[in-house]
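A.B. asks: Could you have a look at this structure, given as structure tokens, before my questions?
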Amino acid sequence: MSEIFKAGPDDVEISEREECFSGFYRIERLQLRHRQFAGGMGPLISRELFVRHDAVCVLPYDPQRDEVVLVEQFRVGALEAGVNPWLLELVAGLIDKDEEPEEVARREAVEEAGITLGALWPIAQYLPSPGGSNELVYLFVGRCDSSQAVGIHGLAEEGEDIRVHVLPFEDALQAVRDGRINNAASMLALQWLALNRAEVRGLWV
Numbered sequence: 001m002s003e004i005f006k007a008g009p010d011d012v013e014i015s016e017r018e019e020c021f022s023g024f025y026r027i028e029r030l031q032l033r034h035r036q037f038a039g040g041m042g043p044l045i046s047r048e049l050f051v052r053h054d055a056v057c058v059l060p061y062d063p064q065r066d067e068v069v070l071v072e073q074f075r076v077g078a079l080e081a082g083v084n085p086w087l088l089e090l091v092a093g094l095i096d097k098d099e100e101p102e103e104v105a106r107r108e109a110v111e112e113a114g115i116t117l118g119a120l121w122p123i124a125q126y127l128p129s130p131g132g133s134n135e136l137v138y139l140f141v142g143r144c145d146s147s148q149a150v151g152i153h154g155l156a157e158e159g160e161d162i163r164v165h166v167l168p169f170e171d172a173l174q175a176v177r178d179g180r181i182n183n184a185a186s187m188l189a190l191q192w193l194a195l196n197r198a199e200v201r202g203l204w205v
């Protein structure tokens with residue numbers, strides 16, 4: 001495979017940036033040109049950009065019991081996609097304050113699942129939808145005691161209604177296989193743990 005193009009300061013020219021909407025999220029319209037593989041700058045193109053805070057997603061994992069903690073909540077995007085809008089997901093939250101990703105992971109674990117995380121194992125940083133959004137996701141596995149995970153959680157002032165599920169790891173992986181878990185962060189984290197579980201348990205048990 002040839003080397004991936006690495007952009008320099010002169011490889012993208014943004015001629016105009018217009019704010020189309022500003023609320024909890026923001027939408028901007030950019031007029032830009034970028035360098036093409038054949039050489040030279042391409043034509044002026046218009047692109048809408050969904051501006052989001054970066055996010056943190058963490059898979060709480062109990063290495064002693066070989067169990068994972070997932071949360072279930074309503075998602076309007078899934079509703080509009082025509083699928084069941086109650087999703088099994090990772091604990092997650094936006095970095096909307098002056099916080100490090102690890103701090104967000106620990107805070108959200110308490111708010112969404114009522115658990116305290118121990119060691120955090122970074123999995124990846126990835127762009128879930130780079131064709132139209134600038135969101136960067138920080139993905140972790142977090143050590144936990146799954147026996148403490150129970151009940152319904154979330155912040156009432158944010159309209160959150162979050163139910164906790166504790167699953168044997170193999171059951172969670174099967175839920176990925178059969179499509180019951182159908183969101184990217186959860187699929188990535190569970191598949192990563194499937195590949196690295198022996199190493200994780202070797203260090204955490």
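Quick note: the sequence shown, position 52, residue 52 per UniProt numbering, numbers continuous. Ideal Cβ positions, reconstructed from N, Cα and C, are used throughout, including at glycine.
Label D62 either buried or exposed according to how many other C-beta atoms from any shown protein chain fall within 10 Å of its C-beta, with 16 as the threshold for buried.
C.D. replies: Burial call: buried.
A.B. asks: Using the three-state DSSP reduction, which class does G42 fall into: helix, strand or coil?
C.D. replies: G42: coil per DSSP, three-state reduction.
A.B. asks: Check whether the Cβ atoms of V141 and L70 sit closer than 9 Å, and answer yes or no.
C.D. replies: No, the Cβ-Cβ distance between V141 and L70 is not below 9 Å.
A.B. asks: CA-CA distance, S46 and G159?
C.D. replies: So the two alpha carbons sit approximately 36 Å from each other.
A.B. asks: Give me the residue from L188, E72 and L155 with the minimum Cα distance to Y126.
C.D. replies: Per the Cα distances, L188.
A.B. asks: The beta strand (DSSP E) spanning F169 covers which residue range?
C.D. replies: From DSSP, F169 is part of no beta strand (DSSP E) but of the alpha helix (DSSP H) over F169 to R177.
A.B. asks: What do you reckon, are the CB atoms on L49 and R29 nearer than 9 Å?
C.D. replies: It is a contact, given that the beta carbons lie within the stated cut-off.
A.B. asks: Determine the closest residue to residue 235 out of R17, Q36, E16 and V51, with distance taken between C-alpha atoms.
C.D. replies: What is shown of the chain runs 1 to 205, which leaves residue 235 out entirely.
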